[in-house]
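Heads up: the sequence lines are chains A and B, in that order.
Quick note: the first sequence uses UniProt numbering, first residue 1, plus one each step.
Quick note: the second sequence uses UniProt numbering, first residue 1, plus one each step.
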Amino acid sequence: MLPAIIRPKGPPRYRSVLLGHGLMPSDLMQRSLEICDQITDLNAFTSLRKSDDLKAEAKKATRRWRQVENKSPIDGMTIAVKDNFCWVGHPTTCGSRMLQDFVPTYNATVVQKLVNAGAIILGKTNMDEFGMGSGGTDSIFGPTKNWWRSGLAYEVSNWNDERLPGIETGRVDSGATDDWFISGGSSGGSAVAVASGACFASLGSDTGGSVRIPGAWHGLVTLKPTYGSLSRHGLIPLVNSMDVPGVMAKSVEDVQLVFGVIRGVDPMDSTTVIPPFKDEPPKSVEGLKIGIPQEYHCDGMSEEVLQTWSDVADVLENAGAQVKQVSLPHTPYSIVCYSVLNPSEVSSNMARYDGLEYGLRTEQNRSTEALFAENRHLGFNEVVRGRILSGNYFLLKENYQEFFGQALKVRRLVQRDFVNVWSDDVDLLLTPVTLTTSPTFREFSSLDNRTQTTKQDHCTQPANLAGLPALTIPVKLSESSSLPLSVQLIGPRFSEDTLFNLGTWLEKHLQFPNFGLTSMRIEKEITGNDRRRK
Amino acid sequence: MILASVRKVVRHGTRFPTRHQSTGLAPRPSRLRYGQNQSDPRGWESVIGLEVHAQILALSKLFSAGSGRTLGSANSQVTLFDASIPGTLPVINRRCVEAAVQTALALQCRINPVSTFDRKHYFYADLPTGYQITQQRKALAVQGQMDFSVLRSENVPHSYYHSVGITQLQLEQDSGKSLHDAVAGKSLIDLNRCGMGLMEIVFEPQLSDGEEAAAMIHDLILILKRLGTCSCKMEEGALRVDANISVNRPGEPLGVRTEVKNLNSIRSLANAIEFEVSRQIAVLESGGIVENETRSFNFSAKQTLPMRDKEAKQDYRFLPEPNLPPLRLCDTPPGTPTDKTNPHIINIHDYRETLPEMPNVQRQRLMTETGISIESASQLVDQPNHLAFFEKAMTHKPQNPQILVNLLQLSVVEMLNILDISLEQSHLSAGQLVELAEIKHNDELPHNIILKALKTLVEKHYPSAESLIQEMDWRSTVRNVNLIQGLVTEALRNEKKLVKRYFKGKDEQKVAVSLAKIVDKSYPGDLDMKLVTQVIRDSLKEMATNTQ
């Protein structure tokens with residue numbers, strides 16, 4: 001008999017599930033394991049921990065909660081971790097053949113903090129190889145499929161627990177055989193793990209939108225924090241100067257809880273900083289100044305995405321916020337700049353994968369150079385190899401100024417655009433996350449990885465170039481496809497509290513529907529008394 | 001011809017301004033070289049620039065907690081970062097920055113308040129990340145100057161001062177080591193050294209031969225040891241020198257240079273440069289061209305050879321290191337309000353204040369204060385314990401410091417070597433050495449007696465040199481002419497055969513020496529042998545006159 005989850009008013013929030021309804025980590029773990037079994041087709045996980053170990057940990061967490069000795073507010077919370085965070089004793093593959101057998105002997109700082117707080121890591125999630133992709137389609141383990149309309153039976157209901165009419169939940173029919181909606185990437189597995197209900201929260205990493213894009217396509221709340229607020233120690237890098245660990249959950253509160261646990265200065269990462277102390281409490285919606293950057297309206301943006309954007313702006317304006325159009329004039333150059341900086345750093349970061357100390361080692365023994373070449377040729381997919389080649393080209397002495405040097409200048413301009421907006425009294429920016437809802441695999445693969453990245457990252461990567469925090473909030477389901485639509489809030493450095501504040505308000509006013517597998521629905525409410533009798 | 005050589009001196013003088021006119025040393029000599037073919041009277045100039053890699057003496061590596069000492073067995077001092085395990089990040093070692101700041105100050109560099117790190121890429125098995133973190137674009141320090149002395153030797157007619165500019169001083173990581181097993185056809189890699197902190201010091205090409213290079217590195221080693229920033233054990237690779245060498249006709253632009261890598265002793269450095277200069281001259285004189293290449297030096301064969309990994313064009317694809325924020329330093333004098341100072345930021349001022357005296361300054365100070373020769377001053381500077389002893393002796397204000405320093409550096413050192421003890425282990429005090437130097441200066445006792453007294457004072461404790469002299473009654477014996485005359489007369493009487501040989505006019509010198517030895521037997525070592533020999537000669541001459 002499955003333990004019950006009483007549908008709360010709103011999305012699942014760990015504390016209310018736990019404290020408000022007396023469900024314990026053990027009960028939740030049982031559900032997690034069930035769900036993991038049911039979603040194997042979606043290919044969300046690259047590895048899962050043994051269920052016995054997980055149950056044992058959940059049992060310990062349960063005991064701690066019962067004795068009010070919980071280590072943190074997220075003690076016992078199930079969490080999935082993207083497969084590019086090092087986790088002692090567990091394969092950390094980056095979705096690449098190169099690291100297929102790599103088992104770290106150390107924990108990433110953010111993983112260690114989760115473990116210290118009592119969170120239970122279910123397993124590692126699938127990703128585009130080394131984070132290079134926005135579809136969740138380019139992994140050595142195969143693509144990760146979107147949870148929505150994947151063929152799984154699920155239910156969508158409003159906050160009063162009433163099934164919503166007219167919502168299409170059936171498998172996508174694009175005319176092609178075996179087509180599906182893509183998960184988005186590169187943290188696709190982490191999005192599916194949370195959307196399916198297998199875990200409460202997940203860690204992803206965001207270099208150009210890798211947390212926000214899959215999060216938006218799954219109806220999740222996601223945070224791409226300020227660069228320097230979370231440690232990257234143990235996060236296998238894509239682009240060091242833009243990478244940042246990100247958090248996904250179904251509610252702002254859970255994102256906030258997890259962020260609260262993992263944030264902070266780490267002596268092992270010299271780019272982490274102590275956030276400047278803020279005296280003032282976060283502003284309420286009335287009086288907030290919200291900027292709508294006109295340059296985020298770009299070619300290829302769907303009508304429903306634009307409508308969603310404008311609807312949310314209206315909601316804010318009606319609530320007393322000052323909403324005004326602003327300009328970030330260098331936005332169109334941002335993605336070009338990103339397309340130079342990303343491969344340049346990639347070519348450097350990938351140089352260590354020669355197969356000697358770790359990683360794929362072939363039998364080649366003609367010479368050291370031949371061994372390096374073969375290890376790297378077989379260890380990396382075409383996307384990775386392509387970026388290494390272009391990065392090496394940009395960094396050649398004769399090209400450096402023209403490409404890399406120029407891109408650094410453009411990056412500064414993009415960053416200055418934001419600074420100008422903040423100094424113009426704008427508190428936060430409201431933008432779309434993606435140009436459309438999740439495309440099907442067939443649509444997505446009609447264009448190459450580079451073109452797709454350029455397209456999909458339009459609204460997300462400027463925040464990475466500028467190191468700014470961004471929060472995505474699900475708004476509604478598309479009327480045409482019944483897929484989630486989201487918006488993004490971007491704030492000044494270290495404005496996470498303001499983002500959470502407005503995020504919570506929006507969450508409540510937009511009331512994005514609850515969703516979950518039909519098999520997990522509990523028909524009968526069990527009261528606290530019932531539980532105690534069990 | 002005379003005019004030509006004057007011109008040479010002038011040119012060198014302008015190219016290498018001598019800052020030390022006051023100390024009265026001769027100017028830097030002209031160093032024109034001639035090959036086998038001396039058809040061109042202009043000869044050749046050789047130009048040498050050095051790059052030094054000095055391992056920083058620190059407990060841990062430049063960017064990791066790995067041990068900074070490479071004494072362990074292979075791969076026993078390797079952290080995850082050193083092995084380039086994915087996800088690890090560099091964290092700078094404060095001590096390494098401090099050491100570089102101290103060294104930069106000692107080398108009169110301008111220290112950049114903000115310096116940055118770059119990745120230098122190349123694929124090599126003992127470079128696990130595929131790049132070295134270095135400071136290419138903005139080094140820790142620039143525009144320094146190294147002043148040093150080139151001492152008289154068989155190749156150097158007289159001692160002189162020289163000064164070489166420093167282009168930059170930068171922090172960077174050391175690589176690991178590859179060991180090639182040719183028999184098994186395997187390469188083995190030891191990462192113990194990988195990631196250790198290095199100071200790379202790039203000097204201007206302002207040296208002209210191996211002796212100057214050797215002298216500069218000799219002084220650099222003194223400086224680094226004095227600062228404690230490098231062990232300078234060249235044989236262990238703690239200090240490695242690369243030499244860029246070229247030759248050109250006087251007045252013409254610099255020639256094509258070759259780089260001789262990893263010279264691991266001062267002698268190798270001097271020999272490699274001399275070989276390479278001769279080789280280049282021979283190549284050019286036979287109509288060949290010098291190739292811009294990297295060469296290695298074979299010490300036993302005393303020749304340089306091209307290195308195998310001669311790549312056509314190496315592009316290091318430099319990239320700013322994104323994981324290390326710019327390194328900021330401050331230069332705040334004491335008394336600055338604490339709200340303007342940050343204890344986490346290294347204050348250059350603190351290190352400037354505690355900088356020890358530099359060898360060349362010390363040499364000149366010793367020379368001007370005491371009047372000793374540059375050679376003696378240099379020896380003292382090379383041996384801190386001797387210098388301390390000398391400076392203690394100088395507090396007694398000896399009349400002739402040169403005599404004192406000669407006694408110390410020639411006689412005392414020899415006795416210490418024979419006994420195999422250090423100066424500290426001997427019983428000789430600085431005051432006693434001064435007493436003997438004064439006696440020597442005033443010629444109160446002969447040199448052999450002074451040596452005998454020194455030997456005794458080194459071996460045995462005496463309250464003073466005078467107390468030993470009293471005990472041995474040297475003042476009344478050694479130059480007692482009556483006593484010596486008596487001894488000589490007796491010897492002449494006993495040694496008829498020797499006297500006969502003398503009168504035959506054969507072996508006059510030998511006879512005198514033999515007689516002196518016989519006389520010495522009665523007071524072994526306690527007579528003024530110069531005086532004894534004189535008396536013998538005089539007596540023999542007298543006998544000769546008498547018999548005639």
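Ideal Cβ placement from N, Cα and C applies to all residues, glycine included.
Being a predicted model, the structure only gives us computed values, none of them experimental.
Counted within 10 angstroms of its Cβ, other Cβ atoms place residue i as buried (16 or more) or exposed
i	result
A/K113	buried
B/N276	Asn is not the amino acid found at residue 276 of chain B; the sequence shown has Glu there. Under this definition B/E276 is a buried residue.
A/L2	Confidence is the limiting factor: at A/L2 the pLDDT is only 42, short of 50, which leaves the residue's position unreliable and the question unanswerable from this model.
A/G151	exposed
A/E357	buried
B/F299	exposed
B/H180	exposed
residue 554 of chain B	The structure shown does not extend to residue 554 of chain B, since chain B spans only 1 to 548, so no value can be given for it.
B/A213	buried
Distance CB(residue i)-CB(residue j) smaller than 8 Å
i	j	result
B/L239	B/A54	yes
B/G195	B/F81	yes
A/S205	A/G135	no
A/T434	A/A216	yes
A/L489	A/L468	no
A/M242	A/L465	yes
B/R363	B/L105	no
A/P293	A/F494	no
B/E542	B/I518	no
B/E172	B/Q143	no
A/F200	A/M77	yes
B/R328	B/V114	yes
B/H325	A/S270	Looking at the sequence itself, residue 325 of chain B is Pro, so the reference to His does not match. Yes. Within cutoff.
B/L492	B/S539	yes
CA nearest to the CA of residue i, picked from the options
i	options	result
B/R317	B/T103, B/L404, B/S153 and B/Y131	B/Y131
A/D173	A/F441, A/R361, A/S339 and A/F403	A/F441
B/L319	B/G66, B/K541 and B/T116	B/T116
A/P513	A/G219, A/W148, A/P73 and A/S139	A/G219
A/L499	A/L428, A/T62 and A/K476	A/L428
B/Q314	B/T88, B/I403, B/E293 and B/R31	B/E293
A/T331	A/T454, A/A191, A/A117 and A/L517	A/T454
Residues that residue i contacts on chain D, provided the C-beta gap is smaller than 9 Å
i	result
B/I92	Protein chains in the displayed structure are A and B, and chain D is not among them.
For residue i, the three-state DSSP class (helix, strand or coil)
i	result
A/K55	helix
B/Q485	helix
B/H121	strand
B/S175	coil
B/L62	coil
B/G144	strand
B/A301	coil
A/G123	strand
A/W87	coil
B/M199	strand
B/A26	coil
B/F390	helix
B/H218	helix
B/V91	coil
A/T137	coil
Checklist entry - Could you give the uninterrupted runs of the alpha helix (DSSP H) lying entirely in the segment 208-260 of chain A, keeping only those of 4 residues or more? => result Positions of the alpha helix (DSSP H) runs, each at least 4 residues long and wholly inside the segment 208-260 of chain A, are given as 212-216 in order along the chain.
Next on the checklist: Threshold first: 4 residues or longer. Then list the alpha helix (DSSP H) segments lying entirely within the segment 328-360 of chain B, N to C.
Outcome noted: Counting only runs of 4 or more, we get 348-353.
Item to check | Every unbroken beta strand (DSSP E) inside the segment 438-474 of chain A [3 residues or more] | outcome: The qualifying runs do not exist here; there are none.
Checklist entry - Mind pulling the beta strand (DSSP E) runs of 3 or more residues that sit fully within the segment 422-473 of chain B? => result For the segment 422-473 of chain B, not a single whole beta strand (DSSP E) run of length 3 or above is found.
Checklist entry - Of all the beta strand (DSSP E) runs that stay within the bounds of the segment 498-525 of chain A, which reach a length of 3 or more residues? => result Listed in chain order, they are 514-517.
Next on the checklist: Give the list of continuous alpha helix (DSSP H) stretches no shorter than 4 residues that lie fully inside the segment 21-78 of chain A.
Outcome noted: Entirely contained in the segment 21-78 of chain A, the alpha helix (DSSP H) runs reaching 4 residues are, in chain order, 25-38 and 51-66.
Item to check | 3 or more residues per run - each beta strand (DSSP E) lying fully within the segment 290-340 of chain A | outcome: With a minimum length of 3 residues, the continuous beta strand (DSSP E) runs that stay inside the segment 290-340 of chain A are 322-326.
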